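Asker: Can you keep this structure in mind? I'll have questions shortly.
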Amino acid sequence: MTEELKKIIDGNIKKCICESCPSYTECMRAGRGLLFCVTGKSANCIFEKKGCICPGCPVTTILGLKRAYYCIKGAETEQK
Ligand code: SF4
Ligand code: SF4
Numbered sequence: 000m001t002e003e004l005k006k007i008i009d010g011n012i013k014k015c016i017c018e019s020c021p022s023y024t025e026c027m028r029a030g031r032g033l034l035f036c037v038t039g040k041s042a043n044c045i046f047e048k049k050g051c052i053c054p055g056c057p058v059t060t061i062l063g064l065k066r067a068y069y070c071i072k073g074a075e076t077e078q079k
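The sequence shown begins at 0 in numbering that gives the first Met the number 0 and counts up by one.
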């Protein structure tokens, strides 16, 4: 992991609102999965799309994100 990426993660992980999302699972909670928009999709969890609240997250504004469902589809940079 690059220093820059680490800085982005440290600076934004507390702002992630995934835990309030209807699609967030106990599996993700157990893996302490957060900030999927930067770190990539949640490994080893089974997903059901029940909505994604990423568009309303402060990190979307801060990083200028344009997508959603990062926990399922992967980080902003991974999504085509
Ligand atoms: S945009 Fe989504 S994945 Fe990224 S920090 Fe916000 S709630 Fe978490
Ligand atoms: S990335 Fe989106 S869908 Fe996944 S848990 Fe976070 S807010 Fe919900």
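Heads up, the beta-carbon is just placed ideally off N, CA and C, and yes, glycines get one too.
Computed from a predicted structure; not experimentally measured.
Tell me the rounded alpha-carbon separation between residue 29 and residue 41.
Answerer: If you take the alpha carbons of residue 29 and residue 41, they lie about 11 Å apart.
Asker: With 16 other CB atoms within 10 Å as the buried threshold, where does residue 77 fall?
Answerer: The residue is exposed, with fewer than 16 neighbouring Cβ atoms inside 10 Å.
Asker: Whole angstroms are fine: how far does the CA of residue 3 sit from the CA of residue 68?
Answerer: Residue 68 and residue 3: Cα-Cα distance of roughly 23 Å.
Asker: Measuring straight from C-alpha to C-alpha, what distance separates residue 47 and residue 70?
Answerer: Cα-Cα distance, rounded: 11 Å.
Asker: Given this structure, state the Cα-to-Cα distance separating residue 73 from residue 34, to the nearest angstrom.
Answerer: Whole-angstrom Cα-Cα distance: 11 Å.
Asker: To which residues of the same chain is residue 22 closer than 8 Å at the C-beta, ignoring the five residues directly before and after it?
Answerer: Counting only Cβ-Cβ distances below 8 Å, and skipping sequence neighbours, we find 46, 47, 48, 49, 50, 51, 68, 70, 71.
Asker: CB residue 37 to CB residue 8, shorter than 7 Å?
Answerer: Yes, they are a contact pair.
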